[in-house]
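Read the structure below first, then the notes.
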């Protein structure tokens, strides 16, 4: 990031698993650009007292293999993730449509997609299976745990305890 005509301020956060930790606030001006590694650091713009607008620049080199994480502004907890992968996004939309339409074949489709490589698709498929028959769905828990995905494990934990 770099300032074009006036300084601006950003608040940095460190990414720790599924929680952000507030780091430091930095003022960026013409002499002090800032490089942020988006895999470990998240930032938010902070208004300066004298700021009435201005130009700032940013050059991005996105990691096309990384999912987009969504964090709650106050609690700093991860509340959602969006798949980077177009096929995963299509499958998620398809599962939502099948569920909304109450398609009689939705469980059969979910039984196939619980094996999908993307955790968001596998989780949505598992949820659909759980709604249809919790006992059968719980048979898929070991499969999902083999992924060693912390987020997925956290989502499964309450269901395992209830079983």
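Residue numbers (the working numbering): 657 to 819.
Glycine included, every Cβ here is placed at the ideal spot set by N, Cα and C.
Review point. Helix, strand or coil for residue 683 per DSSP?
Key: strand
Check your understanding: Between which two residues does the alpha helix (DSSP H) harbouring residue 809 extend?
Key -> 806–818
Check your understanding: Comparing alpha-carbon positions, which option in 808, 730, 774, 782 lies nearest residue 723?
Key -> 774
Check your understanding: Which class does residue 768 belong to by DSSP, given the choice of helix, strand or coil?
Key -> helix
Review point. Counting only runs that start and end within the region 748–798, where is the beta strand (DSSP E) found for 3 or more residues in a row?
Key: none
Exercise for review: Please classify residue 659: does DSSP put it in a helix, a strand, or coil?
Suggested key: strand
**Study point:** Helix, strand or coil at residue 736 [DSSP, three-state]
**Key:** strand
Review point. Per DSSP, what kind of secondary structure is residue 800 in: helix, strand or coil?
Key: helix
Review point. Taking all protein chains shown into account, do 16 or more other C-beta atoms lie within 10 angstroms of the C-beta of residue 771, making it buried, or fewer, making it exposed?
Key: exposed
Check your understanding: Hey, out of 730, 732, 731, 748, whose CA is closest to residue 738's CA?
Key -> 748
Practice item. Determine the extent of the beta strand (DSSP E) in which residue 700 is found, giving its start and end residues. Key: 697–702
Point to revise | Where the beta strand (DSSP E) containing residue 691 begins and where it ends | key: Run containing residue 691: none; DSSP gives neither H nor E here.
**Study point:** Bridge partner(s) assigned by DSSP for residue 677
**Key:** 670
Check your understanding: In this structure, does DSSP put residue 725 in helix, strand or coil?
Key -> strand
Review point. Is it buried or exposed for residue 776, if we count other Cβ within 10 angstroms and need 16 for buried?
Key: buried
**Study point:** Given residue 731 as reference, the closest of 756, 674, 798 once Cα atoms are compared
**Key:** 674
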